[in-house]
Amino acid sequence: MSKVVLITGVGRRLGLVLSTRLLEQGWQVIGTYRTETPVIETLRNLGMEAYKVDFKIQQEVNDFIGKIKDRHARLDALIHNASDWLPESDTGRHFETIEYMMQVHVNAPYVMNLELSALLQASDGMADIIHVTDYVAEKGSQKHIAYAASKAALANMTLSFAQLLAPKVKVNAIAPALMLFNETDDNQYKVKARAKSILQREGGADEFIRAVEYLLASTYVTGRTLPLDGGRHIK
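This is the structure in structure tokens:
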């Protein structure tokens with residue numbers, strides 16, 4: 016019987032690569048996305064059960080949870096990858112910025128973990144929750160304060176849910192930094208970004224996938240954050 020994984024934010028970048036790889040490995044993948052694109056149809060053709068969910072809107076999250084409960088008897092893994100990255104507003108709409116970041120990175124994962132815990136407990140083996148946080152959760156960020164704070168809260172929830180759901184469910188986090196450049200990033204930015212780590216390179220999607228696979232395969236790691244940052248902490 017295929018293992019079942021729910022991955023949020025599968026429409027682009029790391030979520031897209033990860034979901035594609037797990038589909039190729041025979042996982043039954045449930046994915047969420049925010050915007051309908053040809054990529055989503057490609058994922059559906061590969062066998063993904065895909066749902067359009069705007070994580071800014073809690074009612075859409077609640078409706079999605081209800082559908083998963085109705086259609087599935089178990090989950091083997093839940094990977095919180097959906098994210099957004101807002102700088103501090105120049106227009107004085109600071110409350111809206113922090114509210115949005117907390118909703119996407121904290122409120123939605125918190126509710127999903129609790130509401131779907133019974134499905135994870137129903138897994139045939141040890142189940143997993145993986146929170147995708149960020150390097151700045153520990154360092155902070157002058158330009159993305161709300162973002163960094165929300166990712167720090169998500170990292171802290173890793174500890175609490177690991178305690179709550181043990182021993183049946185392992186709960187861990189991955190804290191990446193500079194995994195993939197955007198197509199719009201110019202060479203000057205790339206040089207500056209690479210210089211922030213002692214390895215002076217981008218991590219790459221395969222590094223992220225291997226980290227996920229390690230946590231899924233482990234039977235003895237929980238309540239931990241796995242950093243993928245090229246050694247930025249000792250730069």
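Throughout, our numbering is defined as the position within the sequence shown, counted from one, plus 15. Heads up, the beta-carbon is just placed ideally off N, CA and C, and yes, glycines get one too. For clarity, every value in this text was computed on a predicted model and none was experimentally measured.
- Go ahead and label methionine 16 buried or exposed: buried means 16 or more other beta carbons lie within 10 angstroms of its beta carbon, across all protein chains shown. Start at 1 with the first residue of the sequence shown, and residue 16 comes out as number 1. It is exposed - the Cβ of methionine 16 has fewer than 16 other Cβ atoms within 10 Å.
- Message: What does the alpha-carbon distance come out to for the pair leucine 131 and glutamate 198?
- Response: Locating residue 131 in the sequence shown gives position 116, where the first residue counts as 1. Locating residue 198 in the sequence shown gives position 183, where the first residue counts as 1. Taking the straight line joining both Cα atoms gives about 36 Å.
- Message: Using CA atoms only, rank isn't needed, just tell me which of Ser156, His159 and Val147 is closest to alanine 170.
- Response: Your numbering for residue 170 matches position 155 in the sequence shown. Ranking Ser156, His159 and Val147 by CA distance to the CA of alanine 170 puts Val147 first.
- Message: Taking only three categories from DSSP, how would you classify threonine 240?
- Response: Counting from one through the sequence shown, the residue named residue 240 turns up at place 225. The answer is strand: DSSP assigns threonine 240 an E or B state.
- Query: Closest by CA to valine 184, which one among Leu129, Lys207 and Tyr162?
  - Reply: Against the sequence shown, residue 184 aligns to sequence position 169. Minimum Cα-Cα distance from valine 184 among the listed residues Leu129, Lys207 and Tyr162 corresponds to Leu129.
- Query: Exposed or buried, what is leucine 9 when buried is set at 16 or more other beta-carbons lying within 10 Å of its beta-carbon?
  - Reply: Beyond the ends of the chain as shown, which are 16 and 250, falls residue 9; an answer cannot be given.
- Where glycine 155 falls, given that 16 or more other Cβ within 10 Å makes a residue buried: Here residue 155 refers to the residue found at position 140 when the sequence shown is read from its first residue. Label assigned to glycine 155: exposed.
- For alanine 149, count neighbouring C-beta atoms within 10 Å of its own C-beta (all shown protein chains included) and say buried if the count is 16 or more, exposed if not. Translated into positions along the sequence shown, residue 149 becomes position 134. Residue identity differs from the one stated: residue 149 is aspartate in this sequence, not alanine. With 16 or more Cβ atoms within 10 Å of its Cβ, aspartate 149 is classed as buried.
- Item | Meets three-Cβ-pair contact criterion under 8 Å: the stretch 19-26 and the stretch 207-221 | With a cut-off of 8 Å on Cβ pairs, the stretch 19-26 is not in contact with the stretch 207-221, counting fewer than three such pairs.
- Query: Using a Cβ-Cβ cut-off of 7 Å (strictly less than) and excluding sequence neighbours within five positions of arginine 253, which residues of its own chain qualify?
  - Reply: The structure shown does not extend to residue 253, since the chain is modelled only from 16 through 250, so no value can be given for it.
- Query: Using the beta-carbon count (16 or more within 10 Å), is isoleucine 45 buried or exposed?
  - Reply: Along the sequence shown, read from residue 1 onward, the residue named residue 45 stands at position 30. Sixteen is the threshold: when 16 or more other Cβ atoms of the shown chains lie within 10 Å of the Cβ of isoleucine 45, as they do, the residue is buried.
- Query: Ends of the beta strand (DSSP E) at threonine 7?
  - Reply: The question about residue 7 has no answer here: the residues shown for the chain are numbered 16 through 250.
- Bounding residues of the alpha helix (DSSP H) (the contiguous stretch that carries isoleucine 160): Looking up residue 160 in the sequence shown gives position 145. Looking at the DSSP string, the run of the alpha helix (DSSP H) that includes isoleucine 160 is 160-180.
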